[in-house]
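J.: Here it is: the structure, laid out below.
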Amino acid sequence: MNNTGENTIPLSLRLLLMVLLTVMAVGLAYAVLSLPAQAPGLSVYAVENINISGVSNPVTAVLLNYRAYDTFLELGVLLLALLGVWSLGCAGCQHQSSPGPVLDSLSRLLVPILIMVSGYLLWAGAHAPGGAFQAGSVLGAAGVLLLLAGWRIHAGLAGLPLRIALVLGVAVFALVGAVLILPGGQLLAFPPAYAGGLILLFETVATLSIAISLTALFLGADPDEEDAS
Amino acid sequence: MEALTQLQLAFDAVLGLALLWLAWQTLASPELFRAIVLFIAFGLLMALAWVRLEAPDVALAEAAIGAGLTGALLLTALSRLEPKNKSKIPHSKKPESEVDE
Amino acid sequence: MIEMHWVVIVILLPLTGAVVCFLWPRQTVVSGLITAVGLFASVLGLTWQVLEQGALRYAVGGWGAPLGIDLYVDGLSLLMLIVTAVVGLAISVYSSAYFRLDRAKHFWPLWLFLWAALNALFLSADIFNIYVTLELMGLAAVALVALSGGANALTAAMRYLLVSLLGSLFYLMGVALLYHSYGSVDIAILSQRVESSPAVWVAIGLMVAGLLLKTALFPLHFWLPPAHSSAPAPVSALLSALVVKASFYILLRLWLEVFPLTNTVPGQFALGQFGLAQILGLLGAAAVLWGGIQALRQTRLKLLVAYSTVLQIGYLFLAFPLASIIGWKAALYLLLAHAVAKTAMFMAAGNILFYGGHDRIADLDRVAQRLPLTLSAFGLAGISLMGLPPSGGFIAKWLLLEAAIRSGQWWWGLMLIVGGLLTGAYVFKVIGYAFTRSDLPHEPGFVPKRMEWVALVMALLAIVLGLFAPLPLALLEIGSPFGESLR
Amino acid sequence: MSYIFLYALVGMGLFTLGLYALIIHAHLLRKILAINIMGSGVFLVLVALAARTEGAAPDPVPHAMVITGIVVAVSATALALALMLRVRSETGRAELDEEPLSKFDD
């Protein structure tokens, strides 16, 4: 019964694979150990520019200022994964077990806490550990909990409003990023005076988009289509 | 001070081995449900490793996304996978419709 | 005059288009087509700008490398952008007739996302940013393959996803080792700093392995035929024409700039790269043979065309052991010619499938009389793939042959002839069946004229490319991506 | 800073272990888990080596890269799981091999 599915590969091949992978692992280990024992990487640059980055948490500065373009594309990856999941339709999403009373009361207790934690993380990200991704995923966890407790999005919101919320992160990055070009700047170049505010704006929309995307990924299918069928 | 460093190193060694062991168990576990639970535990230990490596931002992201949401996604997928397992016999593949439109 | 940021526009426009298509599914085809035309024009704008000003570097966020991410356009990336724009526009027009609305509403956002990912990838000068674009491209491509539904397509898409993620992880591990060796992920900075060291060698090994897996070079091609043959026809076209070329482009870029032997003491490093180049050449030769033989053996048209892609990818790797400017140019011209011809060929195969409801080669049943435009497209594309004059494929092979002879390694040129003969054999096999009567009569379907004409235009373009070769070849000189001096 | 290299080596170990499991297991859910563990291995190498310089704050750039990587990984996992379920509903099995097996997973 509990066939792990690895029986299809003969032992001799598996041994060969083990030998090959051991060689690879030794090579990888040798490469790591041969690296210089000390290296500052880019931390010097990151710290040098922190005053004009708009935040004081260096990781947030990298994510939302120095390398904000990566973050922009990454929000694209998240949206794209959702598009992919929706295009697949959903196998076995229909029947959801009804939530027990424990889950119901648990969600009543936990959801407000998660929302608060998320808000804190979003705000704290500027100067302490935290930020849009952490806040977004905590908020997404609240959404997942709501789904588990049997909550479903209101049919009137399942179409365009939901889609707008999903693309919010990508759209605001693209729009504001492009507007910043107009005064003679570059894409996503934040003037130091406004950097703090702009980062907070980006983090807020990113948090919302990430949370809703993750919740929607958990749901599996496009709620608008689910109703239609 | 010396003792503290020793202690920390021992902690790191234990954590490192625990990560490898959990990964191995996750991938070798005969039951899928157990594998997923072990994977979530693996994610939480990863978060601990991020803390040790002075990466609290990564630790938060890992705990929330890596362990939490990925775990939830995996468990839901498993629950959607399993019920069919019991009722349905794998039907022989039906000849595929050859037009893709 | 205000400086136009074409570099940024060619990335933001398809993303915006994807978002609009996603928000308003009912108007998705119109929005998609407008975006495609706009994007084509933007790439022309960028071309004009680069022709005027030479290679461009653009610091996103205004920081500049190493702290920020740079975009960089030279002749090489420009050529890739143009190929993508031409093939992309053709695929957009074809798809506007191919998909019904229930699938068009999924196709367009995914396709525009893929287009954005391709453009971002070709423009990026940052190896970590390239990782993100690779994932963006991979996920979009997988979702597009799965769009045809059915067990074969879904299984192929699943395998493709796993392969794609695995390749990206190998690449990312290489990025990690390079970053921690030299403290930068910018290609230009790395090219100045890289020296021979164990970490660099392991990084090269990992990145080359990951990218070869994504490029489907023999023997890592196992995932390509099922994925490319079971996808909807326009998706097959864009996978074969563009997506496998994107990972080839990254490999080429790294090979030329990050892994080069010129800036270090000649010796161990140079020898190592020489050896690796020979291995790549051998794999390329094996791919030519294997892909050609497998293509001949197929009974289904789309699988035949997919194996032909395996063969053509083999050609590209023959340039590595030659390591000369003319060799690289030849490989890129081959890439260009193949992209256009293969698009035409997959479109033709799609039309035949659309018409007859199947793509069994033995039952093509006088398709030549019924779909003359489509069959002409198939034949003309075949001429370019075979490398007969005056097609684009001919010029590319001619250049590659010249490079092989100049470098004293004529045996690589031999593979071009072998590949050409194999290609001729499988193209004529299809055309032969297309003229003969089959026992199984068709239930003829309706093929929109637009789909036939686009296929034919692309096939004609593949031929015409042979007449205008100096233009693209001169374009490649901008920013001298292949180095100044000959080896 | 020996412990830094210890973590980096563990990362390499996870990478190798995941690759082994990815190749030998047939069940798609296991393949997806294996890919995720390989990813964790890469992330561990990236972050561990960022803290090499003694007494200084670790380099934030790899941290940001890993956060990006984690989000990419969860996106890919979600798509992979959805695809796995569709493969399952079309073929009756959550595996890749073409020919039906007599034995059934789990």
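Protein chains in written order, with my numbering: chain V, 504 to 732; chain R, 72 to 172; chain U, 26 to 512; chain X, 309 to 414.
Cβ coordinates follow ideal geometry from the N, Cα and C atoms, glycine included.
Locate the alpha helix (DSSP H) running through R/Val-122, then write down its first and last residues.
T.: Start and end: 103-123.
J.: Taking Cβ to Cβ, would you say V/Gly-700 is nearer than 8 Å to V/Leu-690?
T.: Result no, Cβ atoms of V/Gly-700 and V/Leu-690 do not sit closer than 8 Å.
J.: Suppose the cutoff is 7 Å on Cβ atoms and the five residues either side in sequence are ignored; what does the same chain contact list for X/Arg-396 look like?
T.: Answer for X/Arg-396: Ala-402, listed in chain order.
J.: Who are the neighbours of R/Thr-147 on chain V, taking C-beta pairs under 7 Å?
T.: The contacting residues are Phe-721.
J.: Which same chain residues, not among the five before or five after V/Ala-677, have their C-beta less than 8 Å away from its C-beta?
T.: Phe-575.
J.: If I measure Cβ to Cβ from U/Tyr-123 and keep anything under 6 Å in the same chain, skipping five residues before and after, which residues do I get?
T.: Same-chain partners within the cutoff: Pro-259.
J.: Assign V/Trp-589 to one of two classes, buried (16 or more other C-beta atoms within 10 Å of its C-beta) or exposed (fewer than that).
T.: Buried: at least 16 other Cβ atoms inside 10 Å.
J.: Is X/Glu-403 helix, strand or coil by DSSP?
T.: X/Glu-403 falls in the strand class under three-state DSSP.
J.: I'd like the span of the alpha helix (DSSP H) that includes R/Asp-83, first residue to last.
T.: Note, R/Asp-83: alpha helix (DSSP H), 73-99.
J.: Closer than 8 Å by C-beta to U/Trp-478: which residues in its own chain qualify, once you throw out the five before and the five after it? Chain order, please.
T.: Once the five neighbours on either side are set aside, the close Cβ partners of U/Trp-478 are Leu-398.
J.: For the alpha helix (DSSP H) that contains U/Ala-15, what are its first and last residues?
T.: Any question about residue 15 of chain U goes unanswered here, given that chain U covers just 26 to 512.
J.: In chain X, which residues lie with their C-beta within 8 Å of the C-beta of U/Gly-183?
T.: It should be noted that the sequence gives Met, not Gly, for residue 183 of chain U. Result: Leu-336, Ala-388, Leu-391, Met-392, Val-395, Leu-404.
J.: Can you tell me whether DSSP reads R/Arg-151 as helix, strand or coil?
T.: Note: R/Arg-151 maps to helix in three-state DSSP.
J.: Alpha carbon to alpha carbon, what distance is there between U/Arg-462 and U/Arg-391?
T.: Taking the straight line from one Cα to the other gives about 6 Å.
J.: Express the C-alpha separation of X/Met-346 and U/Asp-127 in angstroms, rounding to a whole number.
T.: The straight-line gap from Cα to Cα measures roughly 37 Å.
J.: Could you list the residues in the region 122-149 of chain R with a C-beta less than 7 Å from some C-beta on chain V, going in chain order?
T.: So the list reads Pro-127, Asp-128, Leu-131, Ala-132, Ala-135, Ile-136, Gly-139, Leu-140, Ala-143, Leu-144, Thr-147, given in the order they occur along the chain.
J.: Per DSSP, what kind of secondary structure is V/Ala-661 in: helix, strand or coil?
T.: If DSSP states are grouped into helix, strand and coil, V/Ala-661 belongs with coil.
J.: Since V/Ala-644 meets chain R, which of its residues come closer than 7 Å, beta carbon to beta carbon?
T.: Neighbours of V/Ala-644 on chain R, chain order: Ala-135, Gly-139, Leu-140.
J.: Taking Cβ-Cβ distances below 7 Å as the criterion, which residues of the region 411-442 of chain U are in contact with chain X?
T.: Residues: none.
J.: By a C-beta neighbour count over all protein chains shown, 10 Å radius and 16 as the cutoff for buried, is V/Ile-616 buried or exposed?
T.: Burial call: exposed.
J.: Could you tell me the alpha carbon to alpha carbon distance between R/Ala-126 and V/Ala-635, rounded to whole angstroms?
T.: R/Ala-126 and V/Ala-635: Cα-Cα distance of roughly 16 Å.
J.: Using the C-alpha atoms, what's the distance from U/Ala-166 back to U/Leu-191?
T.: C-alpha separation (whole angstroms): 15 Å.
J.: Which residues, in order along the region 524-548 of chain V, keep a beta-carbon less than 7 Å from a beta-carbon of chain X?
T.: So the list reads Leu-524, Met-527, Ala-528, Leu-531, Ala-532, Val-535, Leu-536, Leu-538, Ala-540, Gln-541, Ala-542, Pro-543, Gly-544, Leu-545, Ser-546, given in the order they occur along the chain.
J.: What does U/Tyr-340 touch in chain V if you count any residue whose Cβ is under 8 Å from its own?
T.: Result: empty, since nearest Cβ-Cβ is about 29 Å, beyond 8 Å.
J.: So what does DSSP say about U/Val-85, is it helix, strand or coil?
T.: Strand, per DSSP.
J.: Residues in the same chain with beta-carbon distance under 6 Å from U/Ala-373, minus the five sequence neighbours each way, listed in chain order, please.
T.: Cβ within range, chain order: Thr-399, Ala-402, Phe-403, Ala-480.
J.: Which same chain residues end up closer than 6 Å to U/Leu-101 when comparing Cβ atoms and leaving out the 5 residues on each side of it in sequence?
T.: Correct list, in chain order: Pro-506.
J.: Quick check on this structure: which residue in U/Glu-427, U/Leu-194, U/Met-440 has the alpha carbon closest to the alpha carbon of X/Ile-378?
T.: The shortest Cα separation from X/Ile-378 among U/Glu-427, U/Leu-194, U/Met-440 belongs to U/Leu-194.
J.: Within its chain, find whatever has a CB closer than 6 Å to the CB of U/Leu-135; leave out the 5 residues flanking it on each side and keep chain order.
T.: Here the set comprises Ala-165, Ala-168, Leu-169.
J.: Which same chain residues, not among the five before or five after U/Ile-318, have their C-beta less than 8 Å away from its C-beta?
T.: Same-chain partners within the cutoff: Leu-447.
J.: Give the residues of chain X in contact with R/Arg-151, contact being defined as C-beta atoms less than 8 Å apart.
T.: Result: Leu-393.
J.: Below 8 Å between beta carbons: does that hold for U/Gly-113 and U/Ala-66?
T.: No, the Cβ-Cβ distance between U/Gly-113 and U/Ala-66 is not below 8 Å.
J.: How would you list, in chain order, the residues of chain X whose beta-carbon sits under 7 Å from the beta-carbon of U/His-205?
T.: Neighbours of U/His-205 on chain X, chain order: Leu-357.
J.: Ordered along the chain, which non-local residues of its own chain (more than five positions away) have a Cβ less than 7 Å from that of U/Tyr-332?
T.: Around U/Tyr-332: Pro-250, Gly-316, Gln-319, Ala-320, Gln-323.
J.: Where do the N-terminal and C-terminal ends of the beta strand (DSSP E) with U/Tyr-97 fall, by residue?
T.: Counting along the chain, the beta strand (DSSP E) containing U/Tyr-97 begins and ends at 94-98.
J.: Are the CB atoms of U/Gln-298 and U/Phe-284 nearer to each other than 8 Å?
T.: Yes, Cβ-Cβ distance for U/Gln-298 and U/Phe-284 is below 8 Å.
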